[in-house]
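Beneath this line is the structure, given in structure tokens, with notes to follow.
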Amino acid sequence: MLSCDICGETVTSEPDMKAHLLIVHMENEVICPFCKLSGVNYDEMCFHIETAHFEQNELERSFARINTIQIRTSDNRKDNTLQCRMEVNSSVHSACASNHPKTSPQTLPSDDTLKHKAYSENLTESRKFLKSTEKECDLSKIKGSIYETVYSPPECPFCGRIEDCSQDMENHVKTKHANLLDTPSEDHDQPLYDCPMCGLICTNYHILQEHVDLHLEESSFGQGINRVQCSRDLELAHQLQQEEDRKRRSEEARQEMGEFQKLQRQYGLDNSGGYKQQQLRNMEIEVNRGRMHPSEFHRRKADMMESLAIGIDDGKTKTSGIIEALYRYYQNAATDVRRVWLSTGVDHFHSSFGDKGWGCGYRNFQMLLSSLLQNDAYDDCLKGMSIPCIPKIQSMIEDAWKEGFDPQGASQLNNRLQGTKAWIGACEVYTLLTSLRVKCHIVDFHKSTGPLGTHPRLFEWILNYYSSEREGNPKVVCTSKPPIYLQHQGHSRTVVGIEERKNRTLCLLIFDPGCPSREMQKLLKQDTEASNLKQLRKFVGNLKHKQYQIVAVEGVLSSEEKIARRQASQVFTAEKIP
Numbered sequence: 004m005l006s007c008d009i010c011g012e013t014v015t016s017e018p019d020m021k022a023h024l025l026i027v028h029m030e031n032e033v034i035c036p037f038c039k040l041s042g043v044n045y046d047e048m049c050f051h052i053e054t055a056h057f058e059q060n061e062l063e064r065s066f067a068r069i070n071t072i073q074i075r076t077s078d079n080r081k082d083n084t085l086q087c088r089m090e091v092n093s094s095v096h097s098a099c100a101s102n103h104p105k106t107s108p109q110t111l112p113s114d115d116t117l118k119h120k121a122y123s124e125n126l127t128e129s130r131k132f133l134k135s136t137e138k139e140c141d142l143s144k145i146k147g148s149i150y151e152t153v154y155s156p157p158e159c160p161f162c163g164r165i166e167d168c169s170q171d172m173e174n175h176v177k178t179k180h181a182n183l184l185d186t187p188s189e190d191h192d193q194p195l196y197d198c199p200m201c202g203l204i205c206t207n208y209h210i211l212q213e214h215v216d217l218h219l220e221e222s223s224f225g226q227g228i229n230r231v232q233c234s235r236d237l238e239l240a241h242q243l244q245q246e247e248d249r250k251r252r253s254e255e256a257r258q259e260m261g262e263f264q265k266l267q268r269q270y271g272l273d274n275s276g277g278y279k280q281q282q283l284r285n286m287e288i289e290v291n292r293g294r295m296h297p298s299e300f301h302r303r304k305a306d307m308m309e310s311l312a313i314g315i316d317d318g319k320t321k322t323s324g325i326i327e328a329l330y331r332y333y334q335n336a337a338t339d340v341r342r343v344w345l346s347t348g349v350d351h352f353h354s355s356f357g358d359k360g361w362g363c364g365y366r367n368f369q370m371l372l373s374s375l376l377q378n379d380a381y382d383d384c385l386k387g388m389s390i391p392c393i394p395k396i397q398s399m400i401e402d403a404w405k406e407g408f409d410p411q412g413a414s415q416l417n418n419r420l421q422g423t424k425a426w427i428g429a430c431e432v433y434t435l436l437t438s439l440r441v442k443c444h445i446v447d448f449h450k451s452t453g454p455l456g457t458h459p460r461l462f463e464w465i466l467n468y469y470s471s472e473r474e475g476n477p478k479v480v481c482t483s484k485p486p487i488y489l490q491h492q493g494h495s496r497t498v499v500g501i502e503e504r505k506n507r508t509l510c511l512l513i514f515d516p517g518c519p520s521r522e523m524q525k526l527l528k529q530d531t532e533a534s535n536l537k538q539l540r541k542f543v544g545n546l547k548h549k550q551y552q553i554v555a556v557e558g559v560l561s562s563e564e565k566i567a568r569r570q571a572s573q574v575f576t577a578e579k580i581p
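Take the sequence shown: its letters are residues 4 to 581, numbered as in our numbering.
Below, the structure is given as structure tokens:
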């Protein structure tokens, strides 16, 4: 066991003593144990003690030796002697510790002052002890021991080596016991240890280890703070991301709702009224703009109300006799046409104030129905029927849905057409014709079959449709075929014939419900010019929509066939032309 000369604490090994001195007493200031001189370095303090307190220092050593002798010779005072020896040694060690090079240039704590006082008290007690010893022992022997002790050469406090003078002893301690003093030897190389984190140089490995541990503790504490800050940053980033996602979803929902409302308006499902409301609203606008007299407004309103009441179209948008006029034209002119096929008689219907912008499907159905009513083959299924007005057509489609036709199409339109401006297409026309026992089918030209997005297969199919009858070889062929309902995205028209040009190209003859009556009536003139047919003719390069659907009439259905088609319409798919 080693005892600290400064504070008296005991440790088990020299490395522990060095660590104790470094950690506990590193900051202590060098102070003279006799006169309290301070503010000097270790070498100056040693010189001061050797010169100014030489006698006191030697006297202390003498009493220490006397104390040791007394312990060996006096059994009856063994306990008291042991206590005196410990106290004297403690005082001597305190003096040595005060001169230890391990101390740093700072003020000593008050414990050192108390130790010095204890030293003085121990010295006094030792002197008293000597006086009492003189009474019991041979005076001459004791005096001889004292003389010998006072003037004996200095002895090393670590190994017991005796030198001739104190300077030699000081050099011995510095060179032989530098590791205990924690002062590097000047004559011998001592290993130095660099701190890998801050570069501090340490002379002891254990001290370096404790120093590095402090670095690691600071780093761990900093990492803990960083982890907390990182956690807060992640939480903030998560909140910001959630807010951004919420705004994005809200914006997408708003845009989606806007697109949906736009589509509702486009397809007449925005609950803004139907044919009647739009007719009255547009006529009021015409009156306000001065383009319609109020009396005309009231007359047209009365006619409209009557037409709606009986469910029959008032015929104000109809143009009849066009097919006959075309027959005369092709017989007398059209030298660039090799052959032409025409459908049976068809009346042209165009949009009015009440259905402008959404009624093309209804008007094309009226054209198709007008041809069927002129064909005796369809009297059985259409007997006593007249051209219905648009609200009546809507009602007829709803009745077909109620019978079980096209449930998917009905659900898409909310099973309601009356009172709306909902568009209809090829499926609704097919449903209505089938419910009337008119045999027809849908053909889907779902992709382009020619260069530049054209559909030559569509033209070929229509040519085969009209030329399937054995009509001989005349230039103009008036077939018994009804017209064809032609649908594409956003619009529908009616095909009433097809031309085969002398250069073998094909040209469709089409009635467009967007063409007003005054333009169609130009075709009724005796001297019709080719320029008047420009609005009817559509070449292959004129039809470039992505997809086309046609509804072609084939004949009359029996009651059993009607039931079978109603059941099939629940899983209905159009015929597709590759």
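The beta-carbon is built from N, C-alpha and C at its ideal position, and this holds for glycine as well.
Spatial distance of residue i from residue j (CA atoms)
i: L243; j: E262; result: 28 Å
i: P112; j: L217; result: Summary for P112: the model assigns pLDDT 41, below 50, so the residue's position carries little reliability; its value from the coordinates is reported in the next sentence. Rounded to the nearest angstrom, the two C-alpha atoms are 25 Å apart.
i: Q212; j: T13; result: 22 Å
i: L283; j: F300; result: 9 Å
i: D236; j: R230; result: 10 Å
i: R568; j: M295; result: 48 Å
i: E401; j: K442; result: 19 Å
i: V349; j: S323; result: 7 Å
i: R292; j: M523; result: 27 Å
i: Q232; j: E246; result: 21 Å
i: Q421; j: G362; result: 13 Å
i: Q397; j: A305; result: 21 Å
i: I9; j: C201; result: 30 Å
i: S534; j: V446; result: 32 Å
i: E563; j: T434; result: 16 Å
i: Q258; j: R251; result: 10 Å
i: E220; j: P199; result: 15 Å
i: N367; j: V498; result: 10 Å
i: S169; j: T206; result: 27 Å
i: S107; j: S234; result: Caution is warranted here: a pLDDT of 39 is assigned to S107, below 50, making its placement in the model unreliable, and the coordinate value is therefore given only provisionally. Cα to Cα, the separation comes out at about 45 Å.
Limits of the alpha helix (DSSP H) - the one that residue i falls within
i: I427; result: Segment: none, I427 is in no alpha helix (DSSP H) and carries neither H nor E.
i: L385; result: 382-385
i: C363; result: 363-376
i: H491; result: That residue, H491, is in no alpha helix (DSSP H); its beta strand (DSSP E) goes 487-491.
i: K177; result: 169-179
i: K484; result: Unbroken run through K484: none, as it is neither H nor E.
i: E564; result: 562-571
i: D402; result: 393-406
i: R521; result: 520-523
Range covered by the beta strand (DSSP E) that runs through residue i
i: V479; result: 479-481
i: D306; result: Taken as a continuous stretch (DSSP letters only), D306 belongs to no beta strand (DSSP E), being part of the alpha helix (DSSP H) at 297-313.
i: F462; result: Here F462 belongs to no beta strand (DSSP E); instead the alpha helix (DSSP H) covers 459-469.
i: G277; result: No beta strand (DSSP E) holds G277; DSSP gives it neither H nor E.
i: L345; result: 340-345
i: Q550; result: Segment: none, Q550 is in no beta strand (DSSP E) and carries neither H nor E.
i: S2; result: With the chain represented from 4 up to 581, any question about residue 2 goes unanswered, as that position is not in the structure.
i: L511; result: 509-514
i: R540; result: 540-542
Residue environment, residue i, which counts as buried when at least 16 other CB atoms sit within 10 Å
i: I566; result: exposed
i: S16; result: exposed
i: C162; result: exposed
i: Y332; result: buried
i: F50; result: exposed
Closer than 7 Å: residue i CB and nearest the ligand FAD heavy atom
i: V498; result: No copy of the ligand FAD occurs in the structure displayed, which carries no ligand at all.
Reference residue i, options the options, closest by Cα
i: C456; options: K547, L489, K319; result: Here the sequence assigns Gly to residue 456, which means Cys is not the residue at that position. Here the closest residue by C-alpha is K547.
i: S389; options: D409, L311, L371, D316; result: D316
i: R504; options: S414, K541, L375, Y551; result: K541
i: S346; options: L512, V176, Q573; result: L512
i: P519; options: A305, N506, L539; result: L539
i: Q281; options: L466, G360, A533; result: G360
i: S470; options: F448, I501, Q492; result: I501
i: Q573; options: Q411, E173, E166; result: Q411
i: G517; options: H351, W426, Q377, C510; result: H351
i: A380; options: L195, L560, I52, E47; result: L560
i: H180; options: L195, C168, R164; result: R164
i: L376; options: P157, L439, L239; result: L439
i: S451; options: G544, M172, T508; result: G544
i: D382; options: G558, L527, I52; result: G558
Query - Segment contact, 8 Å Cβ cut-off, at least three pairs: the region 391-408 with the region 304-314 - result: yes
Report task. Check whether the region 470-486 touches the region 336-346, taking contact to mean three or more Cβ pairs, one atom from each stretch, closer than 8 Å. Result -> yes
Query raised in the report: Below 8 Å, can you find three or more Cβ-Cβ pairs linking the region 451-468 to the region 542-562?
Result: yes
Query - Contact the region 484-492 vs the region 362-381: 3+ CB pairs below 8 Å - result: yes
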